[in-house]
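Numbering (my numbering), first residue to last: 1 to 336.
The structure under discussion appears below in the form of structure tokens.
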């Protein structure tokens with residue numbers, strides 16, 4: 001059969017990269033990642049190369065069913081230079097987790113965005129809707145905005161093979177969240193990016209945009225959007241030692257800049273110390289504390305100090321590859 005392969009990659013835009021994609025037709029495709037050829041593209045059109053030397057490579061790293069097209073697959077790729085070395089924009093290449101010891105769960109928040117009003121659905125053109133409160137996990141048209149679009153996205157993720165573990169309406173009107181879990185930092189990044197791609201493409205059909213900015217409503221009394229990063233490695237899952245978690249939390253506190261630098265642009269607008277955040281200028285950790293930089297889930301404590309930690313600082317527009325990379329690095333430093 002002839003198959004459509006949708007090659008997906010991240011461009012070189014700064015400070016926040018965007019998704020790009022293009023379609024390649026393959027004859028007699030067997031559905032395996034190994035059968036997806038390396039492809040090239042014009043890096044001068046994506047802020048990744050100069051026009052006089054513009055060819056860059058797309059190396060396939062993960063493949064998923066395309067739920068919206070017949071005989072089609074979604075191919076997540078990473079960008080390489082012509083010599084096969086990772087391009088500077090390639091955050092995936094930064095991850096030191098080849099044995100998949102690290103498990104990640106990303107809680108991806110975002111706003112649906114009405115392209116005509118430049119506001120979330122549920123917001124009037126002038127003024128604001130009722131204060132936040134009734135919108136979180138809401139039911140009913142008075143409080144819930146965009147459900148059909150969101151349910152469509154969830155179904156597409158599941159059909160594609162993305163390990164989405166749940167969705168919910170978030171605190172602000174028109175704000176939503178999905179959660180992706182994966183064993184292996186690279187796989188977690190791959191799946192989160194493809195889920196973002198499907199969110200963007202699906203929203204086109206409904207006439208919405210997706211707003212990944214961490215504080216799209218400015219300094220108002222509305223929650224921003226984050227991408228809380230839940231993580232563990234074998235030592236955390238098996239040791240049963242409180243000091244292991246304290247060592248990791250303390251090491252994170254010694255490397256604040258390393259993390260904040262890749263936790264998303266404009267994150268200072270969200271990390272104010274209000275709306276369930278710790279200030280970007282401070283660092284703290286605590287059991288069940290949603291106002292801390294690092295939350296130690298009560299389940300980890302109740303399970304005898306076996307389990308995960310949650311870094312609540314990453315913004316909704318952060319690159320999950322880069323977030324995973326620094327979390328792996330700092331955790332390894334703490335336990336070395």
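We put the beta carbon where it would ideally sit given N, CA and C, even for glycine.
- When rounded, the separation of the alpha-carbon atoms in residue 171 and residue 220 is 13 Å.
- Shown here, residue 306 sits in coil according to DSSP, grouped into three states, outside any helix or strand.
- 8 Å or more divides the Cβ of residue 226 from the Cβ of residue 321.
- Nearest to residue 8 by C-alpha distance, out of 194, 52, 247, is 194.
- DSSP assignment within the region 219-284 yields the following whole alpha helix (DSSP H) runs of 4 residues or more, N-terminal first: 234-238, 242-253, 256-260.
- The beta-bridge partner set that DSSP reports for residue 109 consists of 177.
- Proximity to residue 89 across 164, 121, 262 peaks at 262, based on C-alpha coordinates.
- Counting along the chain, the unbroken beta strand (DSSP E) around residue 78 starts and ends at 72-80.
- Considering only 299, 212, 224, 326, the residue with the shortest C-alpha distance to residue 19 is 212.
- The beta carbons of residue 182 and residue 248 sit about 20 Å from each other, so the pair does not count as a contact at 8 Å.
- Spanning the alpha carbons of residue 266 and residue 295 requires a straight line of approximately 22 Å.
- The residue from 283, 307, 327, 63 with its alpha-carbon nearest to that of residue 241 is 307.
- Taking the CA atoms as reference points, residue 255 sits about 10 Å from residue 329.
- For a cut-off of 8 Å, the C-beta gap from residue 162 to residue 64 is around 7 Å, short enough to register as a contact.
- Annotation for residue 209: 113, 115, 203 place their beta carbon closer than 7 Å to its own, counting only its chain and skipping 5 residues before and after.
- Restricting attention to 259, 300, 121, the CA atom closest to the CA of residue 243 is found in 300.
- One Cα belongs to residue 35, the other to residue 216, and the distance between them is close to 41 Å.
- In the three-state reduction of the DSSP assignment, residue 297 falls in the coil class, being assigned neither a helical nor a strand state.
- Residue 43 sits in a helix when the DSSP states are folded into three classes.
- If you check the CB distance, residue 57 and residue 40 come in under 8 Å.
- The C-beta of residue 310 has 16 or more other C-beta atoms within 10 Å across all chains shown, which makes the residue buried.
- With a contact defined as Cβ atoms closer than 8 Å, residue 186 and residue 97 qualify at about 7 Å.
- In this chain, residue 27 is not harboured by any alpha helix (DSSP H); it is covered by the beta strand (DSSP E) spanning 19-27.
- With respect to the C-alpha of residue 103, the residue from 236, 289, 283, 286 having the closest C-alpha is 236.
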